[in-house]
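A.B. asks: So that we are looking at the same thing, I have put the structure below in structure tokens.
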Ligand code: ADP
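Take a look at the structure:
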């Protein structure tokens, strides 16, 4: 950033030539910011009417208890309202992570196990419905560095997916291992796996391997892009290994300091 202009410097060299390219990205950045602000504003504006719709539907449900057809329609509408709520929440999280507006992220030592335990508890209802066993194998005293909310975003989305895309009676394991420079936390499931041809794209916004299945399961297609952004904010990286028919392992690497 030079004098309020965003200049990109690109350096390339081969045996006889060196090239330095300067690109002025100010205009592009300006449009990107406008787009982000617009998405953030629309999402915030939608929160109240959707909450009102939810309340109205609950009241209507109480009033229509004896009318089976009406109840069927109300249940369908409630499902769509829940989807809208999730979409709005994911868009707000995504723009908040992109702009870091309003909330500075902390950089301090925190214990990871209680965060994971909380997520396992929060997701236990869906896990029970699918008879999926979720096991956290993290050491009690495991410490990581960063902002608690960012770790929450990462593992909430990964654990949600590991349950959501699992088979009935499947298993989810949250494991810890170390590398010379990094701590590795893996979320592994026994679900259907992701075909190799889709793997390069799954962290893109709104990318779904199976659109109709993901929608049916309440997916917004934004979970993994939130994971990627939050991991980057923690100076880490995320990677996926998957085998069709066997399961998927998302591995998150965090530097020690
Ligand atoms: P969604 O809200 O649709 O789950 P995500 O961004 O979280 O969106 O994931 C993108 C897509 O990646 C999903 O639609 C799904 O097809 C695939 N996916 C993510 N996690 C898993 C998993 N653990 N097992 C199988 N497929 C997965």
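In our numbering, the protein residues as written are 163 to 419. We treat Cβ as the ideally placed atom computed from N, Cα and C, and that holds for glycine. Small disclaimer: the values here were computed from a predicted structure and weren't measured.
(1) Is the Cβ of residue 271 closer than 9 Å to any Cβ of chain D?
(2) Could you tell me whether the Cβ atoms of residue 287 and residue 332 are closer together than 9 Å?
(3) Which first and last residues belong to the beta strand (DSSP E) in which residue 205 is found?
(4) Would you report the Cα separation of residue 310 and residue 245, rounded to the nearest angstrom?
(5) Using CA atoms only, rank isn't needed, just tell me which of 365, 238, 411, 376 is closest to residue 392.
(6) Beta carbon of residue 309: closer than 8 Å to some heavy atom of the ligand ADP?
(7) Nearest to residue 251 by alpha carbon, out of 266, 279, 206, 290?
(8) Thinking C-beta only, is residue 346 closer than 9 Å to residue 357?
(9) Report whether the distance from the Cβ of residue 369 to the nearest heavy atom of the ligand ADP is below 8 Å.
(10) Do you know whose CA, among 348, 417, 305, 297, lies nearest residue 394's CA?
(11) Hey, could you find the ends of the alpha helix (DSSP H) residue 389 is sitting in?
(12) Would you give the residue range spanned by the beta strand (DSSP E) that residue 112 belongs to?
(13) Going by DSSP, what residue range makes up the alpha helix (DSSP H) through residue 276?
(14) What I want to know is whether the C-beta of residue 382 ends up closer than 8 Å to one or more non-hydrogen atoms of the ligand ADP.
(15) Is the stretch 308-326 touching the stretch 336-350, taking contact as three or more C-beta pairs under 8 Å?
(16) Would the beta-carbon of residue 222 fall within 9 Å of that of residue 236?
(17) So is the beta-carbon of residue 407 under 8 Å away from any non-hydrogen atom of the ligand ADP?
(18) Using only CA atoms, which one of 312, 259, 247 lies nearest to residue 271?
(19) Quick one: Cα of residue 273 to Cα of residue 314, how far?
(20) Check whether the Cβ atoms of residue 164 and residue 185 sit closer than 9 Å, and answer yes or no.
(21) Just verifying my parser: in three-state terms, what is the DSSP assignment at residue 314?
(22) Taking the DSSP output, what are the residues bridged to residue 409?
C.D. replies: So, to answer that:
(1) Of the chains in the structure shown, none is chain D; there is only one protein chain.
(2) Counting from one through the chain shown, the residue named residue 287 turns up at place 125. Counting from one through the chain shown, the residue named residue 332 turns up at place 170. Not in contact: residue 287 and residue 332 (Cβ atoms no closer than 9 Å).
(3) The residue given as residue 205 occupies position 43 in the chain shown. It is not in any beta strand (DSSP E) - residue 205 instead sits in the alpha helix (DSSP H) that spans 188-225.
(4) Taking the first residue of the chain shown as 1, we reach residue 310 at position 148. Taking the first residue of the chain shown as 1, we reach residue 245 at position 83. Near 26 Å, if we compare the C-alpha coordinates of residue 245 and residue 310.
(5) Position 230 of the chain shown, counted from the first residue, corresponds to residue 392. The shortest Cα separation from residue 392 among 365, 238, 411, 376 belongs to 365.
(6) Taking the chain shown and counting its residues from 1, one reaches residue 309 at position 147. No, the Cβ of residue 309 stays beyond 8 Å of every heavy atom of the ligand ADP.
(7) Here residue 251 is taken as the residue at index 89 of the chain shown, counted from 1. The shortest C-alpha separation from residue 251 is found at 206.
(8) Looking up residue 357 in the chain shown gives position 195. Looking up residue 346 in the chain shown gives position 184. Their beta carbons are not under 9 Å apart, which means residue 357 does not touch residue 346 by this criterion.
(9) The residue labelled residue 369 in the question sits at position 207 within the chain shown. Residue 369 Cβ: within cutoff of the ligand ADP.
(10) Locating residue 394 in the chain shown gives position 232, counting from the first residue. When only C-alpha atoms are compared, the closest one is 417.
(11) Against the chain shown, residue 389 aligns to sequence position 227. Looking at the DSSP string, the run of the alpha helix (DSSP H) that includes residue 389 is 385-395.
(12) The chain is shown from 163 up to 419; residue 112 falls before or after that span and cannot be answered.
(13) The residue labelled residue 276 in the question sits at position 114 within the chain shown. Start and end: 275-284.
(14) Taking the chain shown and counting its residues from 1, the one referred to as residue 382 is at position 220. Flag set: Cβ of residue 382 near the ligand ADP.
(15) yes
(16) For the purposes of this step, residue 222 is taken as the residue at position 60 of the chain shown. For the purposes of this step, residue 236 is taken as the residue at position 74 of the chain shown. Yes, they are a contact pair.
(17) As a working note, residue 407 is residue 245 in the chain shown. Because no heavy atom of the ligand ADP lies under 8 Å away, the Cβ of residue 407 does not count as near it: no.
(18) One-based indexing of the chain shown puts residue 271 at position 109. Nearest of 312, 259, 247 to residue 271, Cα basis: 312.
(19) Residue numbering aside, residue 273 sits at position 111 when the chain shown is read from its first letter. Residue numbering aside, residue 314 sits at position 152 when the chain shown is read from its first letter. Cα to Cα, residue 273 sits roughly 12 Å from residue 314.
(20) Counted from its first residue, the chain shown places residue 164 at position 2. Counted from its first residue, the chain shown places residue 185 at position 23. Going by C-beta atoms, residue 164 is not nearer than 9 Å to residue 185.
(21) Taking the chain shown and counting its residues from 1, the one referred to as residue 314 is at position 152. Residue state, collapsed to three classes: helix.
(22) Taking the chain shown and counting its residues from 1, the one referred to as residue 409 is at position 247. Paired residues: 405.
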